[in-house]
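S.K.: Take a look at this one; I'll ask things after.
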Amino acid sequence: MCGIVGYVGAGAGMDVVLEGLRRLEYRGYDSAGVAVLSDDGVLQVERRAGKLANLEKVLGDRPLAGSLAIGHTRWATHGPPTDRNAHPQVDCGNRVAVVHNGTIENFEALVAGLEARGHERRSDTDTEVVAHLVEERYDGDLAAAVRGVCRDLEGSFVLVVAHADEPDLVIGARRNLPLVIGLGEGENFLGSDVTAFIGHTREARIVDQDQVVELRRGGVTVTDLDGTVVDGESFHVDWDTAAAEKGGYEFFMLKEIQEQPDAVRDTIGGRLTAEGLLHLDELAMSDEDIRGIEQVVIIACGSSYHSGLVGRYAIERWCRLPVHVEMASEFRYRDPVVGRNTLVVAISQSGETADTLEALRHARAQKAWVLAVTNTVGSTVSRESDAALYTRSGPEVAVASTKAVIAQLAAMYLVGLYLAQVRGTRDPDEVRAHLRDLQSIPDLVTEVLSRMEPVRALAGELADAPRVLFLGRHVGYPMALEGALKLKELAYISAEGFPAGEIKHGPIALIEEGTPVVVLAARHALSAKLVNNVQEVRARGARTIVIATDGDESVTPYADNIIRIPDTKSLLTPLLTIVPMQVLSAAVAMAKGLDVDQPRNLAKSVTVE
Ligand code: AGP
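Numbering (our numbering), first residue to last: 1 to 609.
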């Protein structure tokens, strides 16, 4: 997620904002910038790709004087991480500066309107439209102008805006993403979280949904989008800096698990047309190319491989195309049969995994079309692919991948639906219906997250288990693999995932009295068979922990513990069943006193083969 800082006070605005950006570096970013309003009303903007040090070097040579400033560390989603795409973004006259976190879903329509009205676009970002829209609306009341712009925006955003004609006013606004006010004496702050200003004040106030903040030296006013003043409670921040970076959670992974609704929402956002269909220009494939695809090959490692396995079910179901999912580390040594009419999808959160990179290079050498599905704009995988579809989960700090994986799942559903839409294997109304189901997922994930206390309570009972099995059928099988991987990598427990129908062919011999078996039993046409599998393992002494859909009592008699998830289409259930397994694995690791964020022997990005 991007880092945002705003300041108005008596101090050196540039220094205050740079300090705040340094404290926000943990969020991950690939460019940074500041805007400082000089005492004679000039908005001075400096921004640089890369790390903060690049910006600080420029500012060291040419410091920007002024006591009103805004700043930003950007995690690229729209447009590569370059100087011109860094924030702050400005309007035509360089009198409005904007920093932004989130995704403006209707930015293409807004850009078209602005260009038709003579505005000149100077970046690849969605953010820039805000600066031009404020420029158009500003008539001396900056808060009113920003409120009007927010009413025009669709999607998730945090905005902080400065105007050359407003020497005592910084405006903040938020929808779906966090923004916090820091309350000082003769100075006030805005931050994407409290770490942005914790060095200056520990008095803070949360900005609520669709609220607009007027930040002045003498005080703060908060309104709703209609301009009605709203009251709010301030609170004292008693976290230390390390805790503040984790949003008060003990580990980044716990925070990132909670960010999953936004990860799904932002990955879907901005990719639907006004008619409710998909437009994935990022695939950079003509409709004719897409209709010419004869097979799909998905290459990935680890959790990304599991996302690919789920993608296979969706693509084969919706597109009637053969899909092969390959461990990237094995792919090229198999001398695979791929060629011009093969769409290869390389899934990689980091975009730097050596196995995946080598596999995609091999595929490209065979003239296949390679689409990267990655979380990292400008990564090697994205640069060496023919096209890139970016997940938008924001930077993921914990080694065990959570929000990036759920975003990958969402992205793979989008790929499957888009191929089906273009190839005509699903008619527009079916595509719209599936997209509506996908758009309901973020709220359903939020609901699942609200039910996790009983899951955490299981942790102590599993901490000493010598082994744990995970069983699933259909799309539940890749989730069984993912659940096992999470428990392995976080709690160092020997865990294995199996297709539930496979256990009688050998693995059932592993069952002893009390062996925990986690069963992914979300409502499905195969539920009756899955119930039989649960009975089979229970009859041999297994301790059955079942993830089941609300209202489905078929498996209840055979479950020692039931974890309920809301109902959704069976093909989409991985987006919900993945959450309890993440929560369980993290809780078991914590019960064992392990480092949840940095498990032994593991790296966040495996850049060696
Ligand atoms: C996931 O929890 C693991 N940390 C690991 O399996 C990871 O998914 C794998 O290394 C692939 O990484 P990538 O998505 O960055 O390519």
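C-beta: ideal position from N, C-alpha, C; glycine also. Keep in mind it's a predicted model, so treat the numbers as computed, not measured.
For residue 301, verify whether its CB is less than 8 Å away from any heavy atom of the ligand AGP.
M.R.: Answer for residue 301: yes, Cβ within range of the ligand AGP.
S.K.: Just how far apart, CA to CA, sit residue 104 and residue 542?
M.R.: Distance between the alpha carbons of residue 104 and residue 542: 49 Å.
S.K.: Do residue 82 and residue 49 have their C-beta atoms within less than 9 Å of each other?
M.R.: Contact: yes.
S.K.: Report yes if the C-beta of residue 352 is less than 8 Å from at least one heavy atom of the ligand AGP; otherwise report no.
M.R.: Yes, Cβ of residue 352 sits closer than 8 Å to a heavy atom of the ligand AGP.
S.K.: Taking only the alpha-carbon atoms, compute the straight-line gap between residue 93 and residue 122 and give it to the nearest angstrom.
M.R.: For residue 93 and residue 122, the distance between alpha carbons rounds to 12 Å.
S.K.: Under 8 Å by Cβ, that's how I've got residue 485 and residue 589 pegged, so tell me the actual separation to the nearest angstrom.
M.R.: Not confirmed; about 13 Å, so no contact.
S.K.: Bridge partners for residue 100 per DSSP, in chain order?
M.R.: DSSP, once it has assigned bridges, lists 159 as partnering residue 100.
S.K.: Quickly, what does DSSP pair residue 181 with across the bridge? List them, please.
M.R.: BP columns for residue 181 point to 190, 205.
S.K.: Over what stretch of residues does the alpha helix (DSSP H) that includes residue 318 continue unbroken?
M.R.: Per DSSP, residue 318 belongs to the alpha helix (DSSP H) from 302–319.
S.K.: Is the region 369–380 in contact with the region 341–350, if contact means three or more CB pairs nearer than 8 Å?
M.R.: Judged by Cβ distances under 8 Å, the region 369–380 makes contact with the region 341–350, as three or more pairs qualify.
S.K.: Under 8 Å from any heavy atom of the ligand AGP, does the C-beta of residue 630 make it?
M.R.: In this structure the chain extends from 1 to 609, so residue 630 is not present and cannot be described.
S.K.: So residue 151 is in the alpha helix (DSSP H); what residue range does that whole segment cover?
M.R.: Element bounds for residue 151: 142–152.
S.K.: CB-CB under 8 Å to residue 555, same chain, minus the five flanking residues each way: which ones, in chain order?
M.R.: Excluding positions up to five away in sequence, the list reads 519, 521, 527, 530, 531, 534, 546, 548, 562.
S.K.: Consult DSSP for residue 363 and reduce its assignment to one of helix, strand or coil.
M.R.: Correct three-state label for residue 363: helix.
S.K.: Check whether the Cβ of residue 577 sits closer than 8 Å to any heavy atom of the ligand AGP, and report yes or no.
M.R.: The answer is no for residue 577.
S.K.: Is residue 260 close to the ligand AGP? I mean its beta-carbon at under 8 Å from any heavy atom of the ligand.
M.R.: No, since every heavy atom of the ligand AGP falls outside the 8 Å radius drawn around the Cβ of residue 260.
S.K.: Is the region 194–203 close to the region 10–23, with three or more CB pairs under 8 Å?
M.R.: In short, these stretches touch, since the Cβ pair count reaches three.
S.K.: Quick one: residues in its chain with C-beta nearer than 8 Å to the C-beta of residue 380, no 5 flanking neighbours on either side, listed in chain order?
M.R.: The residues are 351, 352, 357.
S.K.: Take the Cβ of residue 552 as the centre, count every other Cβ of all protein chains shown within 10 Å, and call the residue buried at 16 or more, exposed below.
M.R.: Its Cβ being crowded by 16 or more others within 10 Å, residue 552 is buried.
S.K.: Sort 255, 6, 300 by Cα distance to residue 215 and report the nearest one.
M.R.: Among 255, 6, 300, the Cα nearest to that of residue 215 belongs to 6.
S.K.: In terms of residues, what are the limits of the alpha helix (DSSP H) holding residue 382?
M.R.: First-last of the alpha helix (DSSP H) with residue 382: 380–384.
S.K.: Between the Cα of residue 397 and those of 29, 10, 20, 313, spot the shortest distance and give me the residue it belongs to.
M.R.: Here the closest residue by C-alpha is 29.
S.K.: For the ligand AGP, any of its heavy atoms closer than 8 Å to the Cβ of residue 255?
M.R.: Residue 255 Cβ: outside cutoff for every heavy atom of the ligand AGP.
S.K.: Under a three-way DSSP split, which group does residue 516 fall into?
M.R.: It is a strand residue.
S.K.: How many whole angstroms separate the CB atoms of residue 425 and residue 411, which I take to be in contact at a CB cut-off of 8 Å?
M.R.: With a Cβ gap of about 19 Å, residue 425 and residue 411 do not count as contacting.
S.K.: Using a Cβ-Cβ cut-off of 8 Å (strictly less than) and excluding sequence neighbours within five positions of residue 342, which residues of its own chain qualify?
M.R.: Within the same chain, residue 342 has close Cβ partners 293, 294, 295, 296, 297, 363, 366, 368, 369.
S.K.: Just to confirm, does residue 405 get its C-beta within under 8 Å of one of the non-hydrogen atoms of the ligand AGP?
M.R.: Flag set: Cβ of residue 405 near the ligand AGP.
S.K.: In angstroms with no decimal places, state the Cα-to-Cα distance between residue 458 and residue 76.
M.R.: Straight-line Cα distance between these residues: approximately 38 Å.
S.K.: Should residue 573 be flagged as near chain D, meaning a C-beta pair shorter than 9 Å?
M.R.: No chain D appears in the structure shown, which is made up of a single protein chain.
S.K.: Less than 8 Å separating the Cβ of residue 400 from some heavy atom of the ligand AGP?
M.R.: Yes, the beta carbon of residue 400 sits closer than 8 Å to at least one heavy atom of the ligand AGP.
S.K.: How about residue 158 and residue 172: do their beta carbons lie closer than 9 Å?
M.R.: Yes, the pair counts as a contact, with Cβ atoms nearer than the cut-off.
S.K.: Could you tell me which residues DSSP puts in a beta bridge with residue 324?
M.R.: Its beta-bridge partners are 297.
S.K.: Is residue 415 a contact residue of the ligand AGP, with contact defined as CB to any heavy atom under 8 Å?
M.R.: False, no ligand heavy atom lies under 8 Å from that Cβ.
S.K.: Using a Cβ-Cβ cutoff of less than 7 Å, which residues in the same chain neighbour residue 338 once the five nearest sequence positions on both sides are dropped?
M.R.: For residue 338, where only same-chain residues beyond five positions count, the Cβ hits under 7 Å are 297, 344, 363, 366, 368.
S.K.: Tell me whether the beta-carbon of residue 275 lies closer than 9 Å to the beta-carbon of residue 428.
M.R.: In this structure, residue 428 lies closer than 9 Å to residue 275 by Cβ.
S.K.: Any contact of the region 50–69 with the region 222–230, i.e. 3+ C-beta pairs under 8 Å?
M.R.: With a cut-off of 8 Å, the region 222–230 and the region 50–69 do not count as touching, because too few Cβ pairs lie within range.
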